[in-house]
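Inspection log for the structure reproduced underneath, given as structure tokens.
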Amino acid sequence: MCAAVDHYCERTSSAFDAEPINALTNAAFLIAAWSAWRLQLSYPLGNGRGLINGLIGTMALVGLGSFLFHTVATRWAEWADVLPIMLFMLLYLWLVLTRFFGWPPGLKLAVLGAYFAVTAYLEAAVSATVLWGGALYVPTLLLMLVIGMVLYRRRLRGAGAFLAAMAVFLASFSARTLDARLCSAFPVGTHFIWHLLNATLLFILVRAAIVHSAPIADARRVHSPIR
26 MCAAVDHYCE
36 RTSSAFDAEP
46 INALTNAAFL
56 IAAWSAWRLQ
66 LSYPLGNGRG
76 LINGLIGTMA
86 LVGLGSFLFH
96 TVATRWAEWA
106 DVLPIMLFML
116 LYLWLVLTRF
126 FGWPPGLKLA
136 VLGAYFAVTA
146 YLEAAVSATV
156 LWGGALYVPT
166 LLLMLVIGMV
176 LYRRRLRGAG
186 AFLAAMAVFL
196 ASFSARTLDA
206 RLCSAFPVGT
216 HFIWHLLNAT
226 LLFILVRAAI
236 VHSAPIADAR
246 RVHSPIR
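Residues in the sequence shown are numbered from 26 upward in steps of one, following the working numbering.
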């Protein structure tokens with residue numbers, strides 16, 4: 026677990042400060058979490074506030090875990106990077122299935138279990154050469170697409186946010202995959218763009234949950250493209 030990890034273009038040694046830009050851009054997650062916390066104070070979320078605040082706290086953990094990974098750069102720090110992201114997606118998927126779709130607990134647990142199993146398999150078993158080590162993010166991308174399309178077809182508010190989130194994620198994933206490929210031309214790499222866009226992505230998702238976090242019976246309103 027203490028073995029050194031060197032995945033990114035910016036890192037040229039094992040020093041703590043070998044990835045300054047990759048490390049410091051994780052502040053974007055803290056800014057996104059603070060902005061989401063400020064936003065949720067303006068909305069009467071009722072019993073949904075606890076889950077929203079849990080998501081906001083997890084956003085901050087994503088930034089802290091990624092900062093650890095890009096400074097300590099060991100195998101255990103890599104898990105500190107991955108696990109908060111997984112926790113965020115599990116919490117968010119539970120919220121969506123509850124507040125937007127009104128699914129019963131048993132069905133929600135089955136979907137969460139399937140999502141976790143597929144993502145964990147892709148992380149553990151799929152070669153790092155497949156999609157430049159990003160195969161584990163494919164289920165998340167597909168989920169955002171499916172949720173956005175279902176909400177759009179049902180003319181429910183929030184569809185535009187999920188489709189926008191998917192577009193941002195495609196851009197951030199492109200930056201992640203191009204990091205090593207552009208290393209000779211751009212020594213700093215492009216991984217820091219992944220951080221900046223993913224912080225934007227998480228804010229879009231949490232904002233949608235805050236703005237549209239009404240019970241399913243109250244959420245059937247006409248779709249707004251941006252909101």
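Ideal Cβ positions, reconstructed from N, Cα and C, are used throughout, including at glycine.
Using DSSP bridges, identify the partner residues of threonine 144. BP columns for threonine 144 are empty, so no partner.
Look up alanine 186 in the DSSP assignment and say whether it is helix, strand or coil. In this structure, DSSP gives alanine 186 a helical state, which the three-state scheme calls helix.
Alpha helix (DSSP H) runs contained entirely in the stretch 195 to 237, provided each spans 4 or more residues: For the stretch 195 to 237, whole alpha helix (DSSP H) runs of length 4 or above, ordered along the chain, are 216 to 236.
Where do the ends of the alpha helix (DSSP H) carrying tyrosine 117 lie? For tyrosine 117, the uninterrupted alpha helix (DSSP H) segment begins and ends at 100 to 120.
Can you look up alanine 43 in the DSSP assignment and give me helix, strand or coil? The three-state secondary structure of alanine 43, taken from DSSP, is coil.
Between the alpha carbons of alanine 210 and glutamate 35, how many angstroms are there, rounded? Distance between the alpha carbons of alanine 210 and glutamate 35 is about 12 Å.
Which residues does DSSP list as the beta-bridge partners of alanine 29? Residue pairing for alanine 29: DSSP places it in a beta bridge opposite Thr99.
Check tryptophan 128 in the structure and name its three-state DSSP category. In the structure shown, tryptophan 128 sits in coil (DSSP, three-state: anything other than H, G, I, E or B).
Go through its chain and collect everything with a Cβ distance to tyrosine 140's Cβ below 8 Å, but skip five positions before and after it. These residues qualify, in order along the chain: Met114, Leu115, Leu118, Pro164, Leu168.
Give every residue of the same chain whose Cβ lies closer than 8 Å to the Cβ of methionine 191, excluding the five residues on either side of it in the sequence, and list them in chain order. Cβ neighbours of methionine 191 beyond the five flanking positions: Leu166, Met169, Leu170, Gly173.
Please name the residue in Glu103, Ile235, Phe125, Ile81 whose C-alpha comes closest to that of arginine 179. Taking only the C-alpha atoms, the option nearest arginine 179 is Phe125.
Measuring only the C-alpha atoms, how far is phenylalanine 217 from isoleucine 77? So the two alpha carbons sit approximately 27 Å from each other.
Figure out for me which residue from Gly88, Val97, Leu156 has the closest Cα to the Cα of threonine 225. The option with the nearest alpha carbon to threonine 225 is Gly88.
When burial is assigned at 16 or more other CB atoms within 10 Å of the CB, is tryptophan 219 buried or exposed? By the neighbour-count criterion, in which 16 or more other beta carbons inside 10 Å mark a residue as buried, tryptophan 219 falls on the buried side.
Please work out which residues of its chain come closer than 7 Å, Cβ to Cβ, to valine 143, disregarding the five sequence neighbours upstream and downstream, and give them in chain order. Cβ neighbours of valine 143 beyond the five flanking positions: Pro164.
Contact defined as beta carbons within less than 8 Å: I believe alanine 196 pairs with leucine 222. What is the distance between those atoms, to the nearest angstrom? Contact annotation, alanine 196 with leucine 222: C-beta distance approximately 6 Å; criterion of less than 8 Å satisfied.
Rounded C-beta distance between alanine 200 and isoleucine 229? I'm assuming under 8 Å. Contact check for alanine 200 and isoleucine 229: beta-carbon distance about 17 Å, past the 8 Å limit, so the pair fails to qualify.
Does the Cβ of proline 130 have 16 or more other Cβ atoms within 10 Å, making it buried, or fewer, making it exposed? In the assembly as shown, proline 130 is an exposed residue. Its beta-carbon has fewer than 16 other beta-carbons within 10 Å.
Quick one: what's got a C-beta closer than 8 Å to proline 212's C-beta in the same chain, skipping five residues either side? Within the same chain, and ignoring the five residues on either side of proline 212 in sequence, the residues whose Cβ sits closer than 8 Å to its Cβ are Cys34, Glu35.
Assigned exposure category for aspartate 106 - 16 Cβ within 10 Å defines buried: In this structure aspartate 106 is buried. Its beta-carbon is surrounded by 16 or more other beta-carbon atoms within 10 angstroms.
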